[in-house]
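Per our numbering, the sequence shown starts with residue 91, numbered consecutively. Scroll down for the structure; my scribbles are underneath it.
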Amino acid sequence: MRIAVFCASSPTIHQKYIDLAYELGGAIAKAGHELVSGGGYISAMGAVSRGARDAGGHTIGVIPQKLVDIEFADHDNHELHVVDSMRSRKGKIESISDAFIALPGGLGTLEELIEIWVGRYLSFHNKPVVILDPFGLYTPLHDLIDHLETEGFVKPGQRELVYWARSVDEAITATHGR
Numbered sequence: 091m092r093i094a095v096f097c098a099s100s101p102t103i104h105q106k107y108i109d110l111a112y113e114l115g116g117a118i119a120k121a122g123h124e125l126v127s128g129g130g131y132i133s134a135m136g137a138v139s140r141g142a143r144d145a146g147g148h149t150i151g152v153i154p155q156k157l158v159d160i161e162f163a164d165h166d167n168h169e170l171h172v173v174d175s176m177r178s179r180k181g182k183i184e185s186i187s188d189a190f191i192a193l194p195g196g197l198g199t200l201e202e203l204i205e206i207w208v209g210r211y212l213s214f215h216n217k218p219v220v221i222l223d224p225f226g227l228y229t230p231l232h233d234l235i236d237h238l239e240t241e242g243f244v245k246p247g248q249r250e251l252v253y254w255a256r257s258v259d260e261a262i263t264a265t266h267g268r
């Protein structure tokens, strides 16, 4: 199974998020899965790949040429797919992955998460989508989804298309059953 991880590439985040990414990468590899990531070497994105490789796992990065040009690419990935745009990156990640885990992240992570979540709702795919949030960063998002449902903008059951995990083990398990 190939598990895509959406996560931060910001160098300004707290170390606990980088450590979480590293732990998740290692757990993906130890479970016998391959990691698909955004192909960068810094912050949580780099940590998740290093964690997987350090645990003997296979890593696949997908990165736009523009980011390769500014020396952002993790050339230690076993496979590095260079694409022409962020849109191409998301499409490639979706097509080669069997499940998705979103770690705490910023706007890019949110954008990837929401797009894959909507794709599941619209039946463009039926792959598991997991939010791994042991620190409660996404609690306001969870509350917002509830509010949007109350106001009629989110249909009942849409929130349940995503599994909200509090631990790495729970997230890995959820990629198999949802």
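From the three backbone atoms N, C-alpha and C, an ideal C-beta is built for every residue, glycine too. Here the structure is a predicted model, which means the values were calculated and not measured.
Anticipated Cβ contact below 8 Å, residue i with residue j, distance rounded
i: residue 115; j: residue 137; result: 7 Å
i: residue 262; j: residue 118; result: 7 Å
i: residue 152; j: residue 128; result: 6 Å
Given residue i as reference, the closest of the options once Cα atoms are compared
i: residue 265; options: 109, 102 and 125; result: 125
i: residue 156; options: 254, 130, 250 and 238; result: 130
i: residue 94; options: 228, 148, 245 and 197; result: 148
i: residue 249; options: 109, 113 and 209; result: 209
i: residue 214; options: 231, 235, 181 and 230; result: 181
i: residue 258; options: 191, 198, 96 and 179; result: 191
Neighbourhood of residue i by C-beta distance below 7 Å, restricted to the same chain and skipping five residues each side
i: residue 176; result: 154
i: residue 251; result: 207, 210, 211 and 219
i: residue 165; result: none
i: residue 100; result: 133 and 196
i: residue 246; result: 239
Buried versus exposed call for residue i [16 or more other C-beta atoms within 10 Å across all chains shown]
i: residue 222; result: buried
i: residue 253; result: buried
i: residue 187; result: buried
i: residue 133; result: buried
i: residue 167; result: buried
i: residue 218; result: buried
i: residue 230; result: exposed
i: residue 184; result: buried
i: residue 110; result: buried
i: residue 108; result: buried
i: residue 161; result: exposed
i: residue 141; result: buried
i: residue 241; result: exposed
Cβ shell of residue i (< 6 Å), same chain only, five flanking positions each side left out
i: residue 256; result: 224
i: residue 121; result: 262
i: residue 91; result: 123 and 188
Neighbourhood of residue i by C-beta, 8 Å cutoff - its chain only, sequence neighbours within 5 removed
i: residue 199; result: 96, 97, 98, 192 and 193
i: residue 45; result: Residue 45 falls outside the range modelled here, since the chain spans only 91 to 268, and no answer is possible.
With a cut-off of 8 Å, do at least 3 Cβ pairs link the stretch 166–173 to the stretch 191–207?
The stretch 191–207 and the stretch 166–173 do not touch, with fewer than three beta-carbon pairs separated by less than 8 Å.
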